[in-house]
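This report concerns only the one structure given below.
2 protein chains.
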Amino acid sequence: MSAAPIPERPPDLSAAVARQLEQWISEQQLPKGAQLPTEKLLCEKFGVSRAVIREAISRLKADGCVTTRQGSGAYVAAPPGHGSFRLLHGLLPSATIPTDEISDVFELRCLVETGAAERAALRRTPADLARMREALARMDEALAAGSDAVGDDDAFHVAIAAATQNPHIERFQAFMGRQFSDSRAPTWSGEGHRSGRARQAQAEHARIFDAIACGDADAARAAAQAHLVCAARRLGLDPLRWGNERLEGTQ
Amino acid sequence: MSAAPIPERPPDLSAAVARQLEQWISEQQLPKGAQLPTEKLLCEKFGVSRAVIREAISRLKADGCVTTRQGSGAYVAAPPGHGSFRLLHGLLPSATIPTDEISDVFELRCLVETGAAERAALRRTPADLARMREALARMDEALAAGSDAVGDDDAFHVAIAAATQNPHIERFQAFMGRQFSDSRAPTWSGEGHRSGRARQAQAEHARIFDAIACGDADAARAAAQAHLVCAARRLGLDPLRWGNERLEGTQ
DNA sequence: TATTCTGAAGTTGTCAGACAACTTTGCGAA
DNA sequence: TTCGCAAAGTTGTCTGACAACTTCAGAATA
Chain A
18 MSAAPIPERP PDLSAAVARQ LEQWISEQQL PKGAQLPTEK LLCEKFGVSR
68 AVIREAISRL KADGCVTTRQ GSGAYVAAPP GHGSFRLLHG LLPSATIPTD
118 EISDVFELRC LVETGAAERA ALRRTPADLA RMREALARMD EALAAGSDAV
168 GDDDAFHVAI AAATQNPHIE RFQAFMGRQF SDSRAPTWSG EGHRSGRARQ
218 AQAEHARIFD AIACGDADAA RAAAQAHLVC AARRLGLDPL RWGNERLEGT
268 Q
Chain B
18 MSAAPIPERP PDLSAAVARQ LEQWISEQQL PKGAQLPTEK LLCEKFGVSR
68 AVIREAISRL KADGCVTTRQ GSGAYVAAPP GHGSFRLLHG LLPSATIPTD
118 EISDVFELRC LVETGAAERA ALRRTPADLA RMREALARMD EALAAGSDAV
168 GDDDAFHVAI AAATQNPHIE RFQAFMGRQF SDSRAPTWSG EGHRSGRARQ
218 AQAEHARIFD AIACGDADAA RAAAQAHLVC AARRLGLDPL RWGNERLEGT
268 Q
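Listed in order, the protein sequences are those of chains A and B. Reading the first sequence from the start, the letters are residues 18 to 268 in our numbering. Reading the second sequence from the start, the letters are residues 18 to 268 in our numbering.
The following block contains the structure:
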């Protein structure tokens, strides 16, 4: 381990060691199965106790990056970040985040949400519809009161995903919703209420709901697509970047 | 902590403790900021040493689920899995993994891959096509040699996602591909070659490629859908579970 | 009586040593 | 040359001690 990471002494040693180890694995392009230095060597190199090394390795094990075998050693299990999908930035346009990047994330969202709406139309149960109605009702109340409904907006979309009867679609929608909560704030802010953005979004929600309630998969897909296009516009994004008129022509 | 998790003694204590703590946080619906029991209490409750508890907490810290303050305690930082999307199991049918669950993951994949194929048809560049051709050529070579092409199969799908010119779609495809590498092995194994599974998969790949090369978005979507239906069947999954004949009727 | 200050108790962070359980290596015997 | 066994090496867990920080309770002061 001639090119081993050189340690520093920040407040949380195990996190820092984990970070440096992860970086070193990436830089060395260690393949799956490559053995890491022993705990003893790492203690010497980082100048920390065995407990700190073990906690750092535990962190990397939680990330799926490293695996260990008692009596044998620690091994690279996968490249860092292998076992999960993350979005890289906050999802509100700003001077530091390229608008195109957010638009691209919107498009990924579009792939999943239009498909989910379609399937929800085919598979929704009365309980699913009740759940959507409840979220809609709460957004209606927020409209009347001029108050915040970011959480209800999200709940509405998760309820649609739940109506697909596919828990993985629901989980993915919940994940994306968490990343998008910031982007819903301008819709439901005081300014969003005054400018009519909230009212417009709610009208789009109602159209999606109606299509799903009617069991009309095509209309549900089209309504979900239209909603996303308008949502992007409300954020100042250009949905035409997603493709050409052909895809938009479905609405 | 009257309703604390009851421990067992599996081989890797810290992983098991972390899992049980995470589950308990979810079941109790502990909000962000809620304090966890002290290390001392957890040691007593789980019947393990302080080192094991600390390693388990380190795992949860790596997941972003828990944060700690020296002298104060451990706190819920976010619901488990908050900042990332993970699939929960390996993706090969087995006695311990419900087939329905894998089928559901396939459907999520279907949402993204059919949309990606559509967009690839509209946006692909000559370089994109060359990249797909290269992966196809390598799979052809593997067909001729009876050898493994799991990596090339994956590279083909990632190349399609890259042709959407949307890096997030590409990254998601790469993530899903990693989770699915096990599921491609039966196609490209010796048995897969002998039984014709590899040849069939490759024919499907060629159809997707042709549609994308022609710029025919509808055909690309249909070819991608058909490929996924057949891939599911090759794995013994029932693609009819995904919905009814209406969605399949698009092929 | 209310507020502030101080010290003790409590809690996490790190270090060190010991032993258990497992793996790898090296040497001698067949 | 191969196999078996013991020693050495390595990870997994436990225990104890001390450092660094936080919280709480009681005493002192206004």
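Glycine is no exception: its CB is placed at the ideal position from the N, C-alpha and C atoms.
- For ALA236(B), same chain residues with a beta-carbon under 7 Å away, outside a window of 5 residues either side, are ALA228 in chain order.
- CA-to-CA, the gap between ALA176(B) and ARG238(B) works out to about 15 Å.
- In this structure, the beta-carbon distance from CYS127(A) to GLN242(A) falls below 8 Å.
- Residue-level contact by beta carbon fails for ARG224(B) and chain A, as no gap is shorter than 8 Å.
- Judged by DSSP in its simplified three-state form, THR131(A) adopts helix.
- For SER31(B), the C-beta contacts it makes with chain A under 8 Å involve SER75, in order along the chain.
- Put simply, the CB of GLY64(B) is far from chain A, with every gap to its CB atoms at 8 Å or more.
- Listed along chain A is no residue with a C-beta nearer than 7 Å to that of VAL83(B); the closest approach is about 11 Å.
- At the C-beta level, ALA223(B) and ALA134(B) stay beyond 8 Å of one another.
- Closest in alpha carbon position to PHE189(A), among SER120(B), ALA166(B), LEU125(B), ALA137(B), is LEU125(B).
- In the structure shown, the three-state DSSP call for THR181(B) is coil.
- In this structure, SER200(B) lies near LEU252(B), with their beta-carbon atoms less than 8 Å apart.
- For chain B, the residues of the stretch 123-136 of chain A that bring a beta carbon within less than 8 Å of one of its beta carbons are GLU124, LEU125, CYS127, LEU128, VAL129, THR131, GLY132, ALA133, GLU135, ARG136, in chain order.
- Residue-level contact by beta carbon holds for ARG71(B) and chain A, with a gap shorter than 8 Å.
- PRO184(A) reaches chain B at GLU118, ASP121, counting residues in chain order whose Cβ is nearer than 9 Å.
- In the structure shown, GLY194(A) adopts helical secondary structure according to DSSP, grouped into three states.
- When rounded, the separation of the alpha-carbon atoms in LEU254(B) and CYS247(B) is 9 Å.
- Per the DSSP secondary-structure output, THR142(B) pairs with nothing in a beta bridge.
- Closer than 9 Å at the C-beta level to chain B, one finds no residue of the stretch 40-66 of chain A.
- In the DSSP assignment, VAL83(A) is bridged to VAL93(A).
- Interface flag for SER101(B) against chain A is set, since a Cβ pair is found closer than 8 Å.
- The beta-carbon distance between LEU77(B) and GLU39(B), rounded to whole angstroms, is 6 Å. This is short enough to meet the 8 Å contact definition.
- Not one beta carbon of chain A lies nearer than 8 Å to the beta carbon of PHE197(B).
- According to the DSSP secondary-structure assignment, GLN52(A) is paired through a beta bridge with TYR92(A).
- Residue environment for ARG86(B): exposed (fewer than 16 other C-beta atoms within 10 angstroms of its C-beta).
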